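This report concerns only the one structure given below.
Numbering (this note's numbering), first residue to last: 517 to 662.
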């Protein structure tokens with residue numbers, strides 16, 4: 517019985533070592549474009565999301581996710597930020613519309629369409645995901661389960 521347990525644990529250890537390296541190796545074009553766009557990036561990890569290569573990394577102490585297409589072109593990125601890092605127009609618009617809300621999550625999204633912000637906010641009995649343009653216009657409000 518002891519030999520079976522030891523054999524089984526060795527098998528599991530071997531399998532975990534085989535599957536531990538799931539990280540994607542992007543093309544040289546993607547790597548070159550990434551280095552051009554984000555020279556100060558640290559702790560970079562790569563993954564595949566649909567048809568895009570996705571890089572997750574730290575930039576100036578903040579988590580950033582960047583997307584690159586199959587041709588190695590930069591498609592856009594998102595980064596986690598604090599509410600007080602939002603443009604004044606965005607902060608004002610959110611404060612006006614959701615005065616008593618708690619801000620739970622703030623992301624800045626930059627792509628070919630420009631920059632906008634996705635916030636998760638919670639009021640006393642409701643939770644929302646809102647999309648706000650850089651000029652403070654609230655483009656989308658989606659109720660979420662609390």
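Don't be surprised by glycine CBs; every beta carbon is placed ideally from N, CA and C. Just so we're clear, the structure is a prediction, and the values are computed from it rather than from any experiment.
Tell me, which residues are paired with residue 656 by DSSP?
Counting from 1 along the chain shown, the entry for residue 656 is found at position 140. Its beta-bridge partners are 647.
Is there contact here, the region 645–657 with the region 598–610, by at least three beta-carbon pairs under 8 Å?
With a cut-off of 8 Å, the region 598–610 and the region 645–657 count as touching, because enough Cβ pairs lie within range.
Please classify residue 639: does DSSP put it in a helix, a strand, or coil?
Numbered from its first residue, the chain shown carries residue 639 at position 123. If DSSP states are grouped into helix, strand and coil, residue 639 belongs with coil.
Tell me the residue span of the beta strand (DSSP E) that contains residue 582.
Reading the chain shown from its first residue, position 66 is the one you call residue 582. That run of the beta strand (DSSP E) goes 578–584.
Shortest alpha-carbon distance to residue 541 belongs to which of 563, 548 and 554?
Here residue 541 is taken as the residue at index 25 of the chain shown, counted from 1. Comparing Cα-Cα distances from residue 541 to each of 563, 548 and 554, the minimum goes to 563.
Between residue 631 and the rest of its own chain, which residues show a CB-CB distance below 6 Å, the 5 nearest in sequence each way excluded?
The count along the chain shown starts at 1 and reaches residue 631 at position 115. Closer than 6 Å at Cβ, skipping near neighbours: 650.
Are residue 634 and residue 623 closer than 7 Å when you measure CB to CB?
As a working mapping, residue 634 is identified with position 118 in the chain shown. As a working mapping, residue 623 is identified with position 107 in the chain shown. For residue 634 and residue 623, yes; Cβs fall inside 7 Å.
Under the assumption that residue 582 contacts residue 571 (Cβ atoms under 8 Å), give the Cβ distance between them as a whole number of angstroms.
Here residue 582 corresponds to residue number 66 of the chain shown, with the count starting at 1. Here residue 571 corresponds to residue number 55 of the chain shown, with the count starting at 1. Confirmed, Cβ separation roughly 5 Å.
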